[in-house]
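Okay, so here's the structure we're looking at.
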Amino acid sequence: MANIETSLKEAMTIEGAIGVALVDYTSGLTLGVMGGGLNMDMNIAAAGNTDVIRAKVRTLEMLGLADSIEDILITLDSQYHLIRLLQGRGNEAFFLYLALNKSRANLGLARHQLRKIESELDV
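Those letters in the sequence shown? Residues 147 to 269, per my numbering, in order.
Okay, here's the thing in structure tokens:
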């Protein structure tokens with residue numbers, strides 16, 4: 147099992163990574179952040195994506211679906227935003243948020259790598 151810092155560092159090695167955050171979606175608080183920059187405040191982005199997760203969870207409940215969210219993809223003109231919920235191990239309230247440069251990233255490979263990082267993360 148990997149700790150938060152190790153997992154975030156590994157996520158930043160994904161081709162095209164701009165920034166990554168581990169977020170508690172019940173509070174919107176980040177447990178760790180790496181990357182970002184002047185045009186990408188990862189704390190603000192993480193808090194905003196908390197609302198995305200909450201809305202989707204509410205929608206699933208209203209529809210009566212017993213499914214759980216694996217990941218959510220938001221595609222912008224120049225970026226991919228990948229949100230991966232932590233599964234099992236009592237971590238239902240956490241998600242990894244990865245922002246990628248669209249022109250440099252391989253979305254399929256990034257999803258695979260983030261899934262691996264999530265499976266090894268110990269919160």
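Backbone N, C-alpha and C fix where the C-beta goes; we use that ideal spot for every residue, glycine too.
The secondary-structure analysis by DSSP pairs Asn-247 across a beta bridge with Gln-225. Asp-197 sits in a helix when the DSSP states are folded into three classes. Proximity of the stretch 159-169 to the stretch 242-252 meets the contact definition, three or more beta-carbon pairs being nearer than 8 Å. The C-beta separation of Glu-156 from Gly-178 comes to about 12 Å, leaving the pair out of contact by the 8 Å criterion. For Leu-255, the uninterrupted alpha helix (DSSP H) segment begins and ends at 253-266. Distance between Ala-212 and Ala-201, taken at the CA atoms: about 16 Å. The residue among Ala-256, Ser-214, Thr-205, Leu-175 with its C-alpha nearest the C-alpha of Asn-195 is Leu-175. Only residues of its own chain outside the window of five on either side were considered, and among them Met-158, Ala-163, Ile-164, Gly-165, Val-166, Met-188 have a CB closer than 7 Å to the CB of Gly-181, listed in chain order. For Ala-148, the CB contacts under 8 Å within the same chain, skipping 5 residues up- and downstream, are Glu-156, Ile-263, Glu-266, Leu-267, Asp-268 in chain order. Ile-220 is bridged by DSSP to His-227.
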